[in-house]
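Here's the structure we're looking at; comments come further down.
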Amino acid sequence: FWRSPMRSITLVAALAAATFLAPLGAAPAVAAEEEPVTWSVRPGDASGEDGRSWAEWDADPGEARTDHMVVTNHGSTEVEFQLSAADGYFTDTGRFNMLPSDHESEDAGTWIELPDSVVVPPGGAEVVPFTVTVPDDATPGDHPAGVAASILSDGEGSIGVESRVGFRVMTRVGGELVAALDASASGSYDGELNPFLPGGIDVAYDIENSGNTLLRTQPTITVAGPFGIGSQTIQGAEITEIAPGETRRGSIRIPDAWPLFPYTVSVEAEPRAVSEQPPIGGAAA
């Protein structure tokens, strides 16, 4: 099910003001007067890394799967890494991340069981199995989470700094997939109220993933006067990945808008499948 909504607002400009986690490479962490710790975390199987950038699978409610994370210590001393799982999300720049350790997970991060820690020898790697169990009442669609290995290093004063490296674990629960985006906008006219001088229209818009599957989109913003007079169409920044329930905010300026009549601004965002996902890794400090 695909839905491509459009939301419009009207701007009055005629002689009145208008109202309206880090890539998968190794990550260093430095403790005071200690040798830096450098490590990486990648998906794998029981024998080691398997070339994946992240873990993803299709599952039914009640189904369980065991996967593996490979923690590699690139330093010269033995390190005990703390292991964790948490709900995942995509930042405004499209980068995948995990909830911080002081935020409680409520979705797929709670489906993952893994050991509390692992000790990795210098220059070595350890394969750590973890299990994803989908609850019987899980809703259909995409559920992002992540797994990570971390250390706590000394910060300023008594504050410790947690450094994490990991990768995404994406579970798609079987059922009806709904690909839907909602768009809303606000705007204002900026310029002299002089019919012989053009101004501009500043538009701020929100795109919300109101469906249940991971999507991408390229918002289109159109401004037009009565009967299409002075129509202009501008594309907003591409949204490469937006998970269910997430909202992206953007803004553009429409130039050369004359203060002679009301303008209508519409924002349209067509849901598109994420067919080619960039190699985004896990969370990092």
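Reminder that position 176 of the sequence shown reads as 178 in this note's numbering, one-by-one numbering, no gaps. Glycine included, C-beta positions come from ideal geometry on N, C-alpha and C.
Within its own chain, the residues whose Cβ lies closer than 7 Å to the Cβ of valine 129, once the five positions on either side in sequence are excluded, are Gly46, Ala48, Gly50, His70 and Val72, listed in chain order.
The three-state secondary structure of phenylalanine 132, taken from DSSP, is strand.
In the displayed model, alanine 127 falls within a strand according to three-state DSSP. Here phenylalanine 83 carries a strand assignment [DSSP, helix/strand/coil]. By the neighbour-count criterion, in which a residue is buried when 16 or more other Cβ atoms sit within 10 angstroms of its Cβ, tryptophan 59 is exposed. Annotated three-state conformation of glycine 176 is coil, per DSSP. When DSSP states are grouped into helix, strand and coil, phenylalanine 229 belongs to the helix group. Around the beta carbon of leucine 216, 16 or more other beta carbons lie within 10 angstroms, which makes this residue buried. For the pair of segments examined, the segment 186-194 was found not to touch the segment 119-129: the number of CB pairs separated by less than 8 Å stays below three. Contact holds between the segment 82-96 and the segment 139-152, because three or more Cβ pairs, one in each stretch, are under 8 Å apart. One alpha carbon belongs to aspartate 62, the other to arginine 174, and they sit about 8 Å apart.
Cβ neighbours of alanine 140 within its own chain (closer than 6 Å, five residues either side excluded): Pro63 and Val175. Distance from the CA atom of serine 233 to the CA atom of glycine 227, rounded to whole angstroms, is 7 Å. Excluding the 5 residues flanking it on each side, glutamate 108 has same chain C-beta neighbours closer than 8 Å at Asp89, in chain order.
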